[in-house]
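S.K.:
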Amino acid sequence: MNLNPDDFMSLMEDRTNFSDGDKILLNKHADWGLAIAPTMANHFYKYLGRDVEMSAILNDKEGRMHRLRETFVQWFHEMFTGMDNWGTAYAERRWRIGLVHVQIGIGPQHVVPAMATVVHEVGKQLKIDGQPEELKDALSRICMIDLAFIEQAYVEVSSAAVLKETGWTEGLFRRLIATGAGSM
Ligand code: HEM
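For reference, each letter of the sequence shown is one residue, going 18 to 201 in this note's numbering.
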């Protein structure tokens, strides 16, 4: 259960049909992405702030909100630039973001609707600014890849922790999960 970020990135690109055309389109609109990033951050944190649990996490530490706004802008812009053409640096960065969220205890129930908010708001902004419909598709695909990294980190870290603590084999662990799911 040792995830290789590069391999995972390639797999997700295939699964979401994230194409070279998408990459070119995103690169072409990187300045627009950076320009709208603060507005997207506003929508994002307003959404998270409405939830008692997530709001408590956001305001748990001094200066966290401020730091988060900056990291959000950077994260959002990176979806357009692809950092190193969506290569190793991009994949490792996304994996790290996943790990940070697992450490804080942010699970799928928080992250999935949060990413849906990004996709929804970016779609609205795209229309307002008269940007092409294909850009929305490209952005949705890269958002889903980024989301998959965060979700997968949760699974990988939980599984690795159980295996380490119990000494179980991966096969036994998978059988227990299947049996558990079957009995629910
Ligand atoms: C669309 C989903 C999300 C994205 C793309 C995202 C993005 C990021 C990024 C880029 C970082 C910085 C990681 C680093 O330090 O390397 C971060 C950290 C963090 N995120 Fe998220 N996030 C998402 C969802 C959430 C949700 C749902 C919460 C719930 C409250 C949350 C709370 C936090 C917190 C508390 C930190 C750590 C801040 C600190 O440095 O103290 N995030 N996030």
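Glycine included, each C-beta is placed from N, C-alpha and C at the ideal position.
(1) Please tell me whether PHE61 and THR134 are closer than 9 Å, where the distance is taken between their beta carbons.
(2) Answer with buried or exposed for MET201, where buried requires no fewer than 16 other C-beta atoms within 10 angstroms of its C-beta.
(3) Around the C-beta of ILE266, are 16 or more other C-beta atoms found within 10 angstroms, so that it is buried, or is it exposed?
(4) Measuring only the C-alpha atoms, how far is ASP23 from TRP112?
(5) Considering just the uninterrupted stretch of the alpha helix (DSSP H) at ILE162, what are its terminal residues?
(6) Which of the three DSSP states is assigned to HIS127 in this structure?
(7) Within the segment 36–92, note down every full alpha helix (DSSP H) run reaching 4 residues or more, in order along the chain.
(8) Could you spell out where the alpha helix (DSSP H) holding TRP112 opens and where it closes?
(9) Taking THR33 as part of the alpha helix (DSSP H), name the residues at either end of that continuous run.
(10) Report yes if the CB atom of VAL129 is closer than 9 Å to the CB atom of GLU70, and no otherwise.
(11) Does HIS83 pass the burial test, meaning 16 or more other C-beta atoms within 10 Å, or should it be called exposed?
M.R.: A quick look at the data gives this:
(1) Their beta carbons are under 9 Å apart, which means PHE61 touches THR134 by this criterion.
(2) exposed
(3) Residue 266 cannot be examined here, being either before or after the span of the chain that is shown, 18 to 201.
(4) 10 Å
(5) 150–183
(6) helix
(7) 37–45, 47–66 and 69–75
(8) Residues 105–121.
(9) 22–33
(10) no
(11) exposed
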